[in-house]
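Notes for the one structure printed next.
Protein chains: 4
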Amino acid sequence: MGIRVAVAGASGYAGGELVRLIAGHPELDLVAATAHSQAGAALSAVHPQLAGLDVTLTATDPAALADADLVFLALPHGESAALAARLPDAVRVVDLGADHRLTDPAAWESYYGGPHAGAWTYGLPELPGQRAAIAAAGRVANTGCYAATITLALAPLIAAGAVEADDVVVVAASGTTGAGKAVKPHLLASEVMGDLSTYKTGTHQHVPEIKQATGARSLSFTPMLAPMPRGILATVTARPTGTADPAATLRDAYAGESFVRVLPDGTFPRTAATLGSNACHLQVTVDRDSGRVIVVSALDNLGKGAAGQAVQCANLMLGLPETAGLSAFGVMP
Amino acid sequence: MGIRVAVAGASGYAGGELVRLIAGHPELDLVAATAHSQAGAALSAVHPQLAGLDVTLTATDPAALADADLVFLALPHGESAALAARLPDAVRVVDLGADHRLTDPAAWESYYGGPHAGAWTYGLPELPGQRAAIAAAGRVANTGCYAATITLALAPLIAAGAVEADDVVVVAASGTTGAGKAVKPHLLASEVMGDLSTYKTGTHQHVPEIKQATGARSLSFTPMLAPMPRGILATVTARPTGTADPAATLRDAYAGESFVRVLPDGTFPRTAATLGSNACHLQVTVDRDSGRVIVVSALDNLGKGAAGQAVQCANLMLGLPETAGLSAFGVMP
Amino acid sequence: MGIRVAVAGASGYAGGELVRLIAGHPELDLVAATAHSQAGAALSAVHPQLAGLDVTLTATDPAALADADLVFLALPHGESAALAARLPDAVRVVDLGADHRLTDPAAWESYYGGPHAGAWTYGLPELPGQRAAIAAAGRVANTGCYAATITLALAPLIAAGAVEADDVVVVAASGTTGAGKAVKPHLLASEVMGDLSTYKTGTHQHVPEIKQATGARSLSFTPMLAPMPRGILATVTARPTGTADPAATLRDAYAGESFVRVLPDGTFPRTAATLGSNACHLQVTVDRDSGRVIVVSALDNLGKGAAGQAVQCANLMLGLPETAGLSAFGVMP
Amino acid sequence: MGIRVAVAGASGYAGGELVRLIAGHPELDLVAATAHSQAGAALSAVHPQLAGLDVTLTATDPAALADADLVFLALPHGESAALAARLPDAVRVVDLGADHRLTDPAAWESYYGGPHAGAWTYGLPELPGQRAAIAAAGRVANTGCYAATITLALAPLIAAGAVEADDVVVVAASGTTGAGKAVKPHLLASEVMGDLSTYKTGTHQHVPEIKQATGARSLSFTPMLAPMPRGILATVTARPTGTADPAATLRDAYAGESFVRVLPDGTFPRTAATLGSNACHLQVTVDRDSGRVIVVSALDNLGKGAAGQAVQCANLMLGLPETAGLSAFGVMP
């Protein structure tokens, strides 16, 4: 008899990945999987990869969730706060949504609009101090997928003074699952395959989260949609200060980490190498012409960018081995 | 201290997947990973998804392998027999190659050429009697990827007399890893993406294996190359006899199986649902116009079609739970 | 001042391709492009590839179309007949929909339902006698995309008695544009990329059209959805009669044709080679084990499978060179 | 009887696209198509999309080319200069390679190594003054594919003083044909599909060409490999000066151009919209957080990035309409 967990929003892509990870987790038992319009359906009718898992989606009812030891919330923006407020304090919660990530209400209002629900412990264990904070928390706000990719690349460099916090420029490309399962014309396969485009160019709502988590003071962030289902590749550039070696700083920051790996010199990250895993791969170099520091970061947006990260946080919160039920090795090719 | 296993041919795609599965297996320890031209390289330099796994590829030397309890052979055609002959009898062997699959020397010579190395126990546990035979065997010949896909769809129907063994027609499409890692012009990404083609049209060397494993007497088999890395989807059609219900026959055949699943009525297999897993998904229907029985079968050519199947066989041979280290749930989307 | 043409249903994929072809046609002038829900939008807002073409979509009004010399109808099932009835007889019409393809009302009712609108001249110029019939017609029913692919492969063989008309088995895979632009969950890029599946397995509504156009008496047809935007690859198998050589028959049938090409011996079709063109590539072989004749056929479902075919028919109807505005060469890779 | 043109290096991807464009060009006749290792092969055996074009590849012999009015050189680095030197002055030459692009010998030696072959007229007609220069030239150095994408986005802004020439940061992703047809392991379909990665990170040899063509003084350029055959999407960011409006500057620069198009406000470029065409699509915005100017630029690397651009230059050199044989409309989706 394992630890009882529930997934609210199990019909989406992050929800499906959570259930897949829970099904392979040695300590967690899924006691509820909830959905909105799909309530009543077999989970495997919504997620064909879970064929054989005999679970029926139920309505997202606080009572159904309150019975769990830990609840994962994988809901649309703005729905987490209300649901979390109706869960007993004793039920631990990991929110995969954005509602509780930002500490600055003004930043929330500016990028998301509406009232700010308040900040929870930020769920990125590899940041200094966060591992212990997450382990002690009852409520954890999981990182955004872009924010995880970029923060792991940049935060140690700014913290060490290796790069300037001003004029950081990031271009990052995501697979289509990053856009969720909502049926929108521009996400049709006919539109995406063979195509690259930017979106929310210069206006993406993850900017304040990235600035908060990395310490960047000025950030140009351009996201791209790439013709593949999963994966984020971020190119993070910043001006060097000359006071600390970027490569040594990154290697020090992640020495001993199970999931974040600075690749051998000369080897650059590939998103495919992280597919289905909780790994984040990093490499850093200095641009020959401009002298800018370039950090390249890759992860699976549904893995270390969402569900994997959430399970890692849950492991910490529940006193389990941090790596339980998670793989550092991607499904490739 | 787990059971000691080795992988010969670890630099290829099936070899890499074997190492990934072994790394996540609760009972197996990798004691050697060998290669030919890549001997001496870090395993993670060849398989970026295994970054962090500290293994160096060594030369494919029988002495290095003899120390293992079980050796997986993932070698090119014709190399397994010679190597296996130099391994002690006490070392169990699972051969992912074709050398030991065929019982008929004439069929071997006709399709592969050269002397026949002799048949080993056929490594498809879901066939009647094979589970026990594999558990008792010291040498197992893993199925071919197409053969697994098609045999799971067809063998029970022919065995039950539900379809005729004559004039079976199969068209099956494979992802590119089925063609291996050899660098050939027609396998360049520029050539494959956005393209579909047939290959070895009407002449594929898996035909005798498929006939042997399914009982088909006459088989038209057309393989296609599909623009995706993994997955096989086979459309298997045969004329009904009218003496047994195809759907009921298939459901009976796989009741209680962990990895082979006949989907709910009206749901057809998708290769993506099996990605990275050891699952095979099946559905059967009757063609409205012709009355032919159509069975659709999907699996991951590197999973149930190669490395997953091999680990399943190894589990049986080693007295481990058959599902150890294997997932029935794919990484999707 | 060219010949005046209009496109009804210009917001869909076939409609967009028609406009692209018309824009590059030396003799045709686009005088109206109509749509339903998108009426009022700039054409290039709906079809980004047409940026710079200053056309506004208008409502699908017979009056707006009646002013053209020829109207292309690229409408959903069941909408062509009503609209065509309201166009003057002097306006030539090419219907890309299914409404007017079938000669047998019973077949229509069985597969499509509803009243049969009556058959028009079938728009496949390479069939014996059709070139002249199309040139003389005021109303032409363009082929279905699967029907074009399969008919070009099979019709000459049945006509020559080279293969039996019974027990034809076809498996054909299509890119996603074949499913149109309607926003459906299973057509999301996240669902399609990396995936293969069958659909309408054993029940596709093109079966009666294919039987009518090829002369097949019994047809098992399984369509697949492939992870690419365009292209159909059909594997057509039939039992040989022994009375005529299949390869010679096909070569004779298409000698002198501009768009249908039997490839050199040993070269098999690839869909990519036909992308964006009006070409259909064919090859034929005999299966080594079963002796079945296998014809492989490739074309662009929006090209020779829809818009290209329609322009070819229009050229004939208008007395223009049959190849005007069309290319036999694909955009590859 | 048209103008006689030849293609040296017709077996590569740019060479194949050149032949496709020449085959559809109203004024050009292909009189020779040469290759190295493929000499003697049918062109359509190398380029399946050209099935039906009866051309045999010949050896790359100056004598064979000297008979043409204009020769396109689509050769590997370092081979153009030697061949061009052996062609009569009266034969016009468009070189698609890098040999003659750079005016600064030191830049050539630093990034390419070996002796500098000298600069030819730079083949980007939309740059101020270049249209006339190209029309008057006997030797033209076609742009690099990345250089074309980035220069069209950036050159007018620097020229107008709208952005600073220092600290330009560019991240651009290319489809795989940009890497050519050489058979390399990392270009296998199994490796590329579902994957994103950077390459030549911070060291790409197009940097000096981009700086020369745009006027940028400091450039951080990170190229990415994207899982699609064609297309480049560049995100170009630079700090605004505040003295000129970027959007108005770009619109003014390209008013009246046939192939370079600044999209309507709020519409961002997509590579797919340019597939197979000679179009380049642009959009510009200002980053909300950092204030950086972001220009997004898309084109087909084999179209406006190579073969299309070359035909456009050839049209100018030959006194033909600049748009002859070229389309501004992509094959999409």
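Residue numbers (the numbering used here), protein chains in the order written: chain A, 1 to 333; chain B, 334 to 666; chain C, 667 to 999; chain D, 1000 to 1332.
Heads up, the beta-carbon is just placed ideally off N, CA and C, and yes, glycines get one too.
Note that this is a predicted model, so its numbers are computed, not measured.
Residue of the options minimising C-alpha distance to residue i
i: Asp659 of chain C; options: C:His743, C:Val757, C:Glu792; result: This structure gives no information on residue 659 of chain C, because the portion of chain C shown stretches from 667 to 999.
i: Tyr146 of chain A; options: A:Ala14, A:Gly305, A:Cys313; result: A:Gly305
i: Ala182 of chain A; options: C:Ala773, C:His852, C:Ala845; result: C:His852
i: Val7 of chain A; options: A:Gln312, A:Ala307, A:Ala298; result: A:Ala307
i: Val962 of chain C; options: B:Thr555, B:Phe662, B:Leu615, B:Ser370; result: B:Thr555
i: Ala1154 of chain D; options: D:Gln1211, D:Leu1086, D:Asp1066, D:Phe1328; result: D:Gln1211
i: Leu1027 of chain D; options: D:Leu1232, D:Leu1301, D:Leu1317, D:Gly1143; result: D:Leu1317
i: Arg472 of chain B; options: B:Leu490, B:Leu416, B:Thr656; result: B:Leu416
i: Ile294 of chain A; options: D:Lys1199, D:Ala1009, D:Asp1244, D:Thr1057; result: D:Lys1199
i: Gln205 of chain A; options: A:Asp245, A:Pro227, A:Thr143; result: A:Thr143
i: Trp786 of chain C; options: C:Asp761, C:Ala772, C:Ala980, C:Tyr778; result: C:Asp761
i: Thr389 of chain B; options: B:Leu408, B:Pro395, B:Val404, B:Val364; result: B:Val364
i: Thr933 of chain C; options: D:Ala1237, D:Thr1202, D:Ser1043; result: D:Ser1043
Beta-bridge pairing of residue i - partner residues as DSSP gives them
i: Pro240 of chain A; result: A:Val163
i: Asn1141 of chain D; result: D:Gly1122
CA-to-CA distance, residue j to residue i, given in whole angstroms
i: His1024 of chain D; j: Cys1279 of chain D; result: 20 Å
i: Pro321 of chain A; j: Pro602 of chain B; result: 36 Å
i: Ala1297 of chain D; j: Trp1107 of chain D; result: 27 Å
i: Val192 of chain A; j: Glu857 of chain C; result: 12 Å
i: Asp931 of chain C; j: Ala505 of chain B; result: 23 Å
i: Ala798 of chain C; j: Thr915 of chain C; result: 22 Å
i: Ala1215 of chain D; j: Ala255 of chain A; result: 39 Å
i: Leu659 of chain B; j: Ala414 of chain B; result: 27 Å
i: Glu412 of chain B; j: Asp432 of chain B; result: 8 Å
i: Thr864 of chain C; j: Asp1165 of chain D; result: 54 Å
i: Val1206 of chain D; j: Thr1148 of chain D; result: 13 Å
i: Ser507 of chain B; j: Ala522 of chain B; result: 15 Å
i: Gly406 of chain B; j: Ser884 of chain C; result: For the record, residue 406 of chain B in the displayed sequence is Leu; it is not Gly. One C-alpha to the other measures close to 46 Å.
i: Ala399 of chain B; j: Pro573 of chain B; result: 49 Å
i: Gly9 of chain A; j: Ala347 of chain B; result: 36 Å
i: Glu1163 of chain D; j: Ala1246 of chain D; result: 15 Å
i: Met998 of chain C; j: Asp1251 of chain D; result: 34 Å
i: Pro893 of chain C; j: Pro1104 of chain D; result: 47 Å
Exposed unless 16 or more other CB atoms sit within 10 angstroms - verdict on residue i
i: Arg594 of chain B; result: buried
i: Glu126 of chain A; result: buried
i: His542 of chain B; result: Per the sequence shown, residue 542 of chain B should be read as Glu rather than His. The residue in question, Glu542 of chain B, is buried, as its Cβ has 16 or more Cβ neighbours within 10 Å.
i: Asp645 of chain C; result: Since the first residue of chain C shown is 667 and the last is 999, residue 645 of chain C is not available in this structure.
i: Thr726 of chain C; result: buried
i: Gly795 of chain C; result: exposed
i: Gly1113 of chain D; result: exposed
i: Gly789 of chain C; result: buried
i: Ser703 of chain C; result: exposed
i: Asp953 of chain C; result: buried
i: His77 of chain A; result: exposed
i: Thr1270 of chain D; result: buried
i: Pro714 of chain C; result: buried
i: Asp289 of chain A; result: buried
i: Arg230 of chain A; result: buried
i: Gly575 of chain B; result: exposed
Quick check on the DSSP output: what are the complete beta strand (DSSP E) runs of length 3 or more inside the stretch 1287-1319 of chain D, in order along the chain?
The qualifying runs are 1292-1298.
My parser needs the beta strand (DSSP E) runs of 3 or more residues fully inside the stretch 334-401 of chain B; what are they?
Counting whole runs of 3 or more residues, the stretch 334-401 of chain B contains the beta strand (DSSP E) stretches 336-341, 361-368.
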